[in-house]
Amino acid sequence: MSDSLHDAIQAEIAKYPDRRSAILAALRLAQAKYRWLSPEAFEEVSRCIDLPVAQCVAVASFYDMYFLEPVGEHVVEVCTNVSCALVGAADVVAAFEMELGCSLGSTSADGKVTLRPVECLGGCGWGPVVSIDHRYHEHFTADDVKPVVAGLRTSEGGH
Numbered sequence: 144m145s146d147s148l149h150d151a152i153q154a155e156i157a158k159y160p161d162r163r164s165a166i167l168a169a170l171r172l173a174q175a176k177y178r179w180l181s182p183e184a185f186e187e188v189s190r191c192i193d194l195p196v197a198q199c200v201a202v203a204s205f206y207d208m209y210f211l212e213p214v215g216e217h218v219v220e221v222c223t224n225v226s227c228a229l230v231g232a233a234d235v236v237a238a239f240e241m242e243l244g245c246s247l248g249s250t251s252a253d254g255k256v257t258l259r260p261v262e263c264l265g266g267c268g269w270g271p272v273v274s275i276d277h278r279y280h281e282h283f284t285a286d287d288v289k290p291v292v293a294g295l296r297t298s299e300g301g302h
């Protein structure tokens, strides 16, 4: 176990009356270190927080913000909930799939971009909403895709 991750998780645990309450923060810290939550990352979190690995996995699998598989250098998330769907989210997804050469839920062949659906990004009045490396873009259209992908392919990972 890396001492820095262990120390960071312990600092989060100290903020709560029950150490198990720090599970979300511990998972976030592990993902920040490894870029995704591998079986080894879950083991580390489990040991630090004193919860079964299965419980750590169950919590992480409930939330869109945790990556349970390796991701590309950049992560593009498209809100596919009804509010965004009604104003063109499917067209945005199709444009990303075409430009990246991969389907929703996968990573481009060059490893640069992972394209993910998310249930809601909380911008229901400004859809379609797209998150690119955790930065929200509102009123996103299919026409916005090509320049965004070109920029992602020429830049370094930004998590």
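The numbering of the sequence shown is my numbering, which starts it at 144 and goes up by one. A virtual CB, placed ideally from N, CA and C, is assigned to each residue, including glycine.
So what does DSSP say about residue i, is it helix, strand or coil?
i: Leu180; result: coil
i: Gly301; result: Because Gly301 sits at a pLDDT of 49, beneath the cut-off of 50, its placement in the model cannot be relied upon, and the following sentence gives the value as read from the coordinates. Gly301 falls in the coil class under three-state DSSP.
i: His280; result: strand
i: Ser251; result: coil
i: Leu258; result: strand
I believe residue i touches residue j by the beta-carbon criterion, under 8 Å. Please report the beta-carbon distance rounded to the nearest angstrom.
i: Val273; j: Glu220; result: 7 Å
i: Gly270; j: Val230; result: 5 Å
Starting from the Cα of residue i, find the closest Cα among the options and give me that residue.
i: Ile156; options: Lys176, Tyr177, Arg190 and Val292; result: Arg190
i: Thr284; options: Ala228, Ala173, Arg163 and Ala165; result: Ala228
i: Met208; options: Ala168, Cys267, Gly244 and Ala154; result: Ala168
i: Leu172; options: Glu216, Ile152 and Arg278; result: Ile152
i: Asp286; options: Ser181, Arg163 and Asp234; result: Asp234
Mind checking residue i: buried by the 16 CB within 10 Å criterion, or exposed?
i: Ser147; result: exposed
i: Gly301; result: With a pLDDT of 49 at Gly301, under the threshold of 50, the modelled position of that residue is not reliable, and the figure given next carries that caveat. With fewer than 16 Cβ atoms within 10 Å of its Cβ, Gly301 is classed as exposed.
i: Ala184; result: buried
i: Ser246; result: exposed
i: Ala232; result: buried
> When the Cβ atoms of the stretch 227-240 are set against those of the stretch 190-202, are three or more pairs found closer than 8 Å?
Replying inline: Output reads no: the stretch 190-202 does not touch the stretch 227-240.
>> Using a Cβ distance threshold of 8 Å, determine whether the stretch 284-292 contacts the stretch 208-216, with at least three qualifying pairs required.
In response: no
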